[in-house]
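>
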Amino acid sequence: MLDRRWLEMTWRDGLFAHWPVDPSSVAAALPDGLSVATHDGDAYLGVVSFVMDDIRPRGVPIGLSFPELNLRTYVEGPDGPGVYFHSLDADDRIGVAVARGLFRLPYYRAETDVRLTATDGGFDAVRFASRRVHEGAPHAWFDATYGPAGEAFTPETGSLPGFLLENYRFYTAGSDGRLYVGEIDHERWTLRPAEAEIRANTLFAANGFDRPDGEPLLHYAEPLAVTADRIRRA
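Adding 8 to a residue's 1-based position in the sequence shown gives its number in this note's numbering.
(1) Ends of the alpha helix (DSSP H) at G170?
(2) Find out if the Cβ-Cβ distance for the pair P201, G170 is shorter than 8 Å.
(3) Going by Cα to Cα distance, which pick from Y228, L168 and W27 is closest to R219?
(4) For P31, which three-state DSSP category applies?
(5) Just mark R238 as buried or exposed, buried being the case when its beta carbon has 16 or more other beta carbons within 10 Å.
(6) Measuring CB to CB, does P75 end up less than 8 Å from A98?
(7) On the DSSP letters alone, give me the boundaries of the alpha helix (DSSP H) that L79 sits inside.
(8) Which word fits R101, buried or exposed, when buried means at least 16 other C-beta atoms lie within 10 angstroms of its C-beta?
(9) Applying the 10 Å Cβ sphere with the 16-neighbour rule, what's the burial state of E143?
(10) Alpha carbon to alpha carbon, how far is D121 from M9? Give it in angstroms, no decimals.
(11) Can you give the Cα-Cα distance for D62 and S73, rounded to whole angstroms?
(12) Ignoring anything shorter than 3 residues, give me the beta strand (DSSP E) runs that lie fully in the region 117–156, in order along the chain.
(13) Helix or strand or just coil, what does DSSP make of L211?
(14) Mapping the DSSP letters down to three states, classify G109 as helix, strand or coil.
(15) Assuming contact is defined by CB atoms lying nearer than 8 Å, are P39 and L187 in contact in what I supplied?
(16) Alpha carbon to alpha carbon, what distance is there between I192 and V234?
(17) Straight-line CA distance for W14 to R20?
(18) Starting from P201, follow its DSSP beta bridges and name the residues at the other end.
(19) Are G155 and A133 closer than 8 Å when you measure CB to CB?
(20) Determine the direct distance from the alpha carbon of L173 to that of T165, and round the result to whole angstroms.
(21) Helix, strand or coil for I63? Go by DSSP, reduced to three states.
Now the structure itself:
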């Protein structure tokens, strides 16, 4: 549990799409102080889309809500294993400014449309379309419809879903050249296998990666309450 719960929020409507990649391709994009984390010899690049709901400092009655899309990988750092974000796109001008200023994260302003739709399979699906509009940043476009396609489960420690999703720490490189770390806390994920139609995804190119081969491993995430602390030097 965190000693200081500075932010509270709920994450919902989440898709985790992960591609295995050669560790060397990830290592070249990491800042000093971080190394690639692998599972059975593979590194992973993940595209994650979701809605951050009711984001607020602890004790504040009203919060922000906005969609987010990120490209991430998994690393070992001086404070332990964690997530490294290559980019984060969000449809909220204030939220982007706060995240860039207080958390030193590479957030970019985007225009995002999120809709729940009915499908022939009998469940609700999420239509998530995001277009980056941040001035001076590489263009990025993502458009997908996704939803659950199997029974709910909690990822086991040591399993591939556990490696990919049970992360409670993130690292970011500041403009001062220093490495920073942030901590989050939440109950264990409740996941379902997912199916997705990804019509557009230029996040890899926007971050200098070749598009990975093959189909991604897909998970749909049930809503989850999350708390986060301020970042500090790693």
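The beta carbon of each residue, even a glycine, is placed where N, CA and C say it ideally should be.
In short:
(1) DSSP places G170 inside the alpha helix (DSSP H), whose first and last residues are L168 to L173.
(2) With a cutoff of 8 Å on beta-carbon distance, P201 and G170 are scored as not near each other.
(3) The residue among Y228, L168 and W27 with its C-alpha nearest the C-alpha of R219 is W27.
(4) In the structure shown, the three-state DSSP call for P31 is helix.
(5) Counting other Cβ atoms within 10 Å of its Cβ, R238 stays below 16 and is therefore classed as exposed.
(6) In contact: P75 and A98 (Cβ atoms closer than 8 Å).
(7) Secondary structure note for L79: it is in no alpha helix (DSSP H), and the uninterrupted beta strand (DSSP E) holding it is L72 to G85.
(8) The residue is exposed, with fewer than 16 neighbouring Cβ atoms inside 10 Å.
(9) Exposed.
(10) Note that M9 scores 44 on pLDDT, short of 50, meaning its location in the model is unreliable; the coordinates nonetheless yield the value given after this. When only Cα atoms are considered, M9 and D121 end up about 34 Å apart.
(11) D62 and S73 have their alpha carbons spaced roughly 5 Å apart.
(12) The region 117–156 is shown to contain whole beta strand (DSSP E) runs of 3 or more residues at 132–140 and 149–156, in chain order.
(13) L211: helix per DSSP, three-state reduction.
(14) DSSP, read as helix, strand or coil, puts G109 in helix.
(15) In this structure, L187 lies closer than 8 Å to P39 by Cβ.
(16) Cα to Cα, V234 sits roughly 7 Å from I192.
(17) Distance between W14 and R20, taken at the CA atoms: about 20 Å.
(18) For P201, the beta-bridge partners assigned by DSSP are H227.
(19) Judged by beta-carbon spacing, A133 lies within the 8 Å limit of G155, meaning their Cβ atoms are closer than that value.
(20) For T165 and L173, the distance between alpha carbons rounds to 10 Å.
(21) Of the three classes helix, strand and coil, the one that applies to I63 here is strand, per DSSP.
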